[in-house]
Amino acid sequence: MVAAICYAWLLENRKRKNKGQGDGYVVVPVMNIKRSNMWKHYQAAWLFHHVGLDANSLLFADEVDLEILLMTGQLSIVVVGQDVLRTNAEVGSQCTILTDNSCEDAYDLLQTPVLKKILLAGILLDTHNLDSYSSLSTSRDAEAVQLLSIGSSPNYRNNLFDQYGSVLEAMRHSYGMPPNE
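Per our numbering, numbering through the sequence shown is continuous, rising by one, with the last residue being 215.
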């Protein structure tokens, strides 16, 4: 979800930067779940809240009739995880690939504080704070975190993960262990 939002933001801003190209369309991320299913994606919900993203501004699959828009030719779909940001297990986070691609194409777009914050948080959550004992973290993830951390407080990375950990601990205390643990 984080990668889809960031990818759409980057595409829309590239379009604006290259005025005249791509006129007549708007890039909008649509979460491929029902809004009510966000309860099952508490990591993403917490992340959106943490970075100040208004969840009411997001579109979900149950709020847009994609089939009619597709059939009438008013829509084209890009599935970010499958069509655009394939990881091939070389990174732990799709946000790392998006950061790498943005560095090559549009480094200036990565200077937006909210975008940097959400990409950084996405990588840290996906890689369990760059846990070197986990197969989820790679050197490319660490390089992306280093790049995105420029201008952040020195302890931002650990503070972010500590905040997330306290939310998880409160949920475990209140609701028991998640089904996958």
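Backbone N, C-alpha and C define an ideal beta-carbon position, used for all residues, glycine too.
Item                                                                                                                   : Value
Proximity below 8 Å, CB of Asp160 to CB of Ser127                                                                      : yes
Contact check, Val36 vs Leu81, beta carbons under 8 Å                                                                  : yes
Inter-residue CB distance, Ser183 and Leu154 (contact presumed, cutoff 8 Å)                                            : 6 Å
Neighbourhood of Glu46 by C-beta distance below 6 Å, restricted to the same chain and skipping five residues each side : Val61
Selection from Ala176, Ile67 and Gly86 that minimises the alpha carbon distance to Asp134                              : Ala176
Which listed residue (Arg191, Tyr167 and Asn66) has its alpha carbon closest to that of Ile157                         : Arg191
C-beta contact flag for Lys74 and Asp96 at 8 Å                                                                         : no
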